[in-house]
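J.:
Number of protein chains: 2
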Amino acid sequence: MAHRDGRERPAAGAFRMLDAGTALFRPGDAATSLFAVRQGMIKTVHLSEDGHERIIAFHVPGEVFGLDAFSSDSHRCEAVAVEHSVCCELPLPARAERPQVQGLLPAVVALLGRAAAPSLPLARGSARERVTRFLRDLAERLRRHGLDGERLRLSMSRSDIANFLDTRIETVSRTLQQLHRMNAICVHGSTVDIIDLPASDAALP
Amino acid sequence: MAHRDGRERPAAGAFRMLDAGTALFRPGDAATSLFAVRQGMIKTVHLSEDGHERIIAFHVPGEVFGLDAFSSDSHRCEAVAVEHSVCCELPLPARAERPQVQGLLPAVVALLGRAAAPSLPLARGSARERVTRFLRDLAERLRRHGLDGERLRLSMSRSDIANFLDTRIETVSRTLQQLHRMNAICVHGSTVDIIDLPASDAALP
DNA sequence: AGCTCCAGTTGATCTGCATCAAGGCGCATC
DNA sequence: GATGCGCCTTGATGCAGATCAACTGGAGCT
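Going line by line, the protein sequences match chains F and L.
Reading the first sequence from the start, the letters are residues 1 to 205 in my numbering.
Reading the second sequence from the start, the letters are residues 206 to 410 in my numbering.
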């Protein structure tokens, strides 16, 4: 049941197939739906007035996103597939029928958990803390949705990770190698096996 | 109409007077209300598992907070008065009467705007960018609620600011002095006059 | 008045990360 | 195959900010 390109209201649960790099919505687009990731990975990106891009979140299968537009009716972020992905569209009632939204909202809020606000900013502390937190967070969210949290496929580019963590690609690369050398993880290309990632990044050489 | 200490449901709009340093709610407390700041300033603080505190936001008069508990029914953050403050309690219906919440929510969401998620993480970029953004953000929110955005009273400690911006008190202090010296602001103690704070912190010596 | 105590400022030094720069490797296209 | 182009890694250098430390000024105390 693929999504049709017309302007009519999409059927609830319609699928959207996205190649890597294609956008699901852009800033200013009317926010008529939420989306659930089924496969792949979606990043949401905030474009600041000065043209700079900041990655807000990477969404894994099972997570819902698109709520950035709740107060304004139009999106403020851009959602882009990091790799080939499949999303499920959850259409919202139009303004006129808004009362129905209210029935939906509690469920949505429950679903979201922390998806709406990446409530624990990952871009804090040292580079190693950031990378560690990033990996642990990703693993935890994968596990929460029944996926493997031991072997991660970092399908986003190093540059995306660096942007997300407010650091540089070189630093991301070096930090991953460093964690590899200390046997906390095992990096091969875009795959990372988590071996023994310290919970709190306190006592390490 | 002061708040009474009993366990009965508070009247809608009951006031809470808070001395500096006293908590309005703590992590784990049942979330029976939202709060609106009427006077003073409230900080919300997240306590991580390893005992470290991270300040999430400083709320100015007119802002609503306490939404951190929406999915869980109990607070995950702590709300503490930074100075002597007055809050207005907005009781939420109990679970059983939840349908009513749904009528409330759209209004709440509209009210909140960006209050729920400090959606633009301030702890990004260089120290001067952080401090500049912090001041501009505070000024804008004060203005939005009809208060003076030119003269700021930083009633929180330098240490709170540093925590919030993920840096050190010495750096906050130096950066404020630096901005003072370049005539962007005028610092006298806890009062800061905004003179000509650069919008984008690009071209500065 | 003395006194301590705490918040803030300022100075000196050290270090982690940004920056600049040079390969390495996979994957296209010719 | 050769060539070019991204993406990643690795090395060398410099600087912003963390850290350590000393000093100041105000509030509260006896």
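The beta-carbon is built from N, C-alpha and C at its ideal position, and this holds for glycine as well.
On a predicted model such as this, the values are computed, not experimentally measured, just so you know.
Mind checking F/Cys186: buried by the 16 CB within 10 Å criterion, or exposed?
T.: F/Cys186 is exposed by the Cβ-count criterion.
J.: L/Met222 to L/Arg231, Cα distance in whole Å?
T.: Going from the Cα of L/Met222 to the Cα of L/Arg231 covers about 16 angstroms.
J.: 8 angstroms is my cut-off, CB to CB: does L/Ala328 come that close to chain F?
T.: With 8 angstroms as the cut-off, L/Ala328 counts as an interface residue toward chain F.
J.: Could you work out which residues of chain F lie near L/Asp371, taking near to mean beta carbons separated by less than 9 angstroms?
T.: The contacting residues are Pro121, Ala123, Arg124 and Gly125.
J.: What is the DSSP secondary structure of F/Arg151, reduced to helix, strand or coil?
T.: In the structure shown, F/Arg151 sits in a strand (DSSP, three-state: E or B).
J.: DSSP three-state call for L/Leu347: helix, strand or coil?
T.: In the structure shown, L/Leu347 sits in a helix (DSSP, three-state: H, G or I).
J.: Quick one: give me the first and last residue of the beta strand (DSSP E) that F/Leu90 is part of.
T.: Residues Ser85 to Pro91.
J.: Which residue wins for smallest C-alpha separation from L/Asp371, given the options F/His84, F/Thr132, F/Arg124 and F/Ala23?
T.: Here the closest residue by C-alpha is F/Arg124.
J.: Between which two residues does the beta strand (DSSP E) containing L/Ser238 stretch?
T.: From DSSP, the beta strand (DSSP E) with L/Ser238 extends over Ser238 to Gln244.
J.: Please classify F/Ile56 as buried or exposed, where buried requires at least 16 other C-beta atoms within 10 Å of its C-beta.
T.: The residue in question, F/Ile56, is buried, as its Cβ has 16 or more Cβ neighbours within 10 Å.
J.: Roughly how many whole angstroms lie between the Cα atoms of F/Leu142 and F/Ala36?
T.: Looking at the two C-alpha atoms, the distance is approximately 14 angstroms.
J.: From L/Ser290 to L/Glu375, what distance separates their C-alpha atoms?
T.: Rounded to whole angstroms, L/Ser290 to L/Glu375 spans 28 angstroms at the Cα level.
J.: Is F/Glu49 buried or exposed, if buried means 16 or more other CB atoms sit within 10 Å of its CB?
T.: Exposed, by the Cβ-count rule.
J.: Would you tell me roughly how many angstroms separate the C-alpha atoms of F/Val131 and F/Asp196, rounded to the nearest one?
T.: Whole-angstrom Cα-Cα distance: 14 angstroms.
J.: Where do the N-terminal and C-terminal ends of the beta strand (DSSP E) with L/Ala228 fall, by residue?
T.: It spans Ala228 to Phe230 - the beta strand (DSSP E) in which L/Ala228 sits, taken as one unbroken run.
J.: Helix, strand or coil, according to DSSP, for L/Ile397 in the structure here?
T.: In the sequence under discussion, the amino acid at residue 397 of chain L is Val, which differs from the Ile named in the question. Of the three classes helix, strand and coil, the one that applies to L/Val397 here is strand, per DSSP.
J.: In this structure, does DSSP put L/Arg329 in helix, strand or coil?
T.: Coil, per DSSP.
J.: Around the C-beta of F/Arg128, are 16 or more other C-beta atoms found within 10 angstroms, so that it is buried, or is it exposed?
T.: Buried is the call here.
J.: Relative to the alpha-carbon of F/Glu126, which residue among F/Phe15, F/Ala81, F/Arg174 and F/Glu63 has its alpha-carbon at the smallest distance?
T.: In the sequence as presented, Glu is not what sits at residue 126 of chain F; that position holds Ser. It is F/Arg174 whose Cα lies nearest to the Cα of F/Ser126.
J.: Could you tell me how far apart the beta carbons of F/Phe65 and F/Thr44 are, in whole angstroms, since I believe they sit closer than 8 angstroms?
T.: 6 angstroms between Cβ atoms; contact.
J.: Could you check how far apart the C-beta atoms of F/Ala81 and F/Gly21 are, in whole angstroms? I think they sit under 8 angstroms.
T.: Indeed they touch by this definition, with Cβ atoms about 7 angstroms apart.
J.: Could you pull the DSSP bridge partners for F/Thr44 from this structure?
T.: F/Ala57 and F/Ala79.
J.: Just to confirm my understanding: we take F/Phe164, look at its own chain, exclude 5 residues before and 5 after, and list those with CB closer than 6 angstroms. What are they?
T.: Excluding residues within five positions, the ones whose Cβ falls inside 6 angstroms are Ile55.
J.: How long is the line joining the alpha carbons of L/Cys293 and F/Gly13, rounded to whole angstroms?
T.: Cα-Cα distance, rounded: 41 angstroms.
J.: Output the distance between the C-alpha atoms of L/Glu179 and L/Met387, rounded to the nearest integer angstrom.
T.: Only positions 206 to 410 of chain L appear in the structure, and residue 179 of chain L is not among them; the question remains open.
J.: Are the Cβ atoms of F/Leu147 and F/Pro61 separated by less than 8 angstroms?
T.: In this structure, F/Pro61 lies closer than 8 angstroms to F/Leu147 by Cβ.
J.: Measure the C-alpha to C-alpha separation of L/Gly256 and F/Ala199 and round it to an integer number of angstroms.
T.: Cα-Cα distance, rounded: 13 angstroms.
J.: Measuring CA to CA, which of L/Asp224, L/Arg281 and L/Gln383 is closest to L/Ala165?
T.: Shown here, chain L extends from 206 to 410; a query on residue 165 of chain L therefore has no answer.
J.: What number of angstroms, rounded off, separates the C-alpha of F/Arg158 from the C-alpha of F/Leu67?
T.: Their Cα atoms are separated by approximately 26 angstroms.
J.: Have a look at F/Arg153, F/His46 and F/Ala139 and flag the residue whose alpha-carbon is nearest the alpha-carbon of F/Gly40.
T.: With distances taken between Cα atoms, F/Gly40 lies closest to F/Arg153.
J.: Tell me whether F/His145 is buried or exposed, calling it buried when 16 or more other Cβ atoms sit within 10 Å of its Cβ.
T.: The residue is exposed, with fewer than 16 neighbouring Cβ atoms inside 10 Å.
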